[in-house]
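Heads up, the sequence shown is in my numbering, so the first residue is 23 and it goes up one at a time.
Every residue gets a Cβ at the ideal spot worked out from N, C-alpha and C, and that includes glycine.
Single-structure report; data block below.
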Amino acid sequence: MLYIIDHPLIKIKLTEMRSENTSHKQFRTNLNEIASLMVYEILRDYKTKDLEVRTPLGINTVGKTFNHEIVIIPILRAGLGMVQGILDLVPQARVGHIGLYRDEQTFEPKEYFYKTPQEISKNDSDVLVVDPMLATGNSANDAISKLKIEGWKNIKLICLVGVDKGINKILFNHPDVNIYLASKDEKLNENNYISPGLGDAGDRIFGTKGK
């Protein structure tokens with residue numbers, strides 16, 4: 023299912039990111055802040071468990087703690103720009119990595135790195151696959167497929183902006199995976215970039231340009 027997280031702070035920060043005049047420092051800062059705001063909403067229904075603590079007044083009280091593991095899986099390299107924002111709210115989360123690059127001729131993803139936590143339950147963990155852009159959906163689709171082959175179950179896809187082509191690809195191939203966006207954009211251009219989009223998210227995060 024597709025969810026658009028509609029929040030005024032997200033809209034304001036995303037508008038700043040769309041501007042061609044926004045520096046890579048501000049772009050990166052806004053990306054992390056939006057990731058935090060999004061995961062705050064996404065984990066609203068997260069199931070906790072009881073935890074007893076003793077307060078400075080010497081009183082025992084029962085509160086809440088995490089019930090199962092949260093695993094963040096950024097799709098490299100742009101997905102790295104969302105990790106810290108999530109870790110700021112969920113510092114005990116584990117982080118895996120999936121390295122994919124887009125073949126500029128075929129637009130198909132090519133894998134060059136894959137590593138996920140192996141010492142935790144794949145059935146009980148919540149997996150957050152993160153990538154700022156959901157364009158053709160090829161990279162996200164391949165990443166999710168690889169995770170499922172390895173045995174991961176509870177997978178969510180978190181992106182800033184997406185278009186129908188990528189959204190529909192994920193919903194068709196992975197109907198059990200919820201998609202969370204900050205904005206649904208209009209279309210892909212002739213080079214399969216999201217329009218109006220953000221430009222090349224990886225370049226804008228890290229202050230690089232082109233090849």
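Distance between Lys-170 and Leu-156, taken at the CA atoms: about 19 Å. Straight-line spacing of the CA atoms in Leu-98 and Lys-132 works out to 11 Å. Pro-218 has no beta-bridge partner at all, per DSSP. Counting along the chain, Thr-37 sits inside the alpha helix (DSSP H) bounded by residues 30-40. Contact check for His-119 against Pro-154 fails: the beta carbons are separated by 8 Å or more. The Cβ-Cβ distance between Ala-57 and Ile-26 does not fall below 8 Å.
Rounded to whole angstroms, Ile-81 and Gln-114 show a C-alpha spacing of 26 Å.
Just so you know, the alpha carbons of Glu-55 and Ala-223 end up roughly 15 Å apart. In this structure, Gly-188 is the residue among Leu-102, Gly-188, Leu-179 and Gly-184 with its C-alpha nearest to the C-alpha of Glu-130.
Contact between the region 28-45 and the region 66-85 is absent: fewer than three C-beta pairs spanning the two stretches fall below 8 Å. Taking every protein chain shown into account, the CB of Ile-180 has 16 or more other CB atoms within 10 angstroms, so this residue is buried. The beta carbon of Gln-106 sits closer than 7 Å to those of Asn-54, all from its chain and outside the five residues before and after it, given in chain order. It is roughly 13 Å from the alpha-carbon of Asp-110 to the alpha-carbon of Gly-103. Looking from the CA of Ile-166, the closest CA among Val-183, Ile-142 and Ile-201 belongs to Ile-201. The Cβ-Cβ distance between Ile-227 and Arg-50 falls below 8 Å. Distance between Asn-160 and Thr-87, taken at the CA atoms: about 36 Å.
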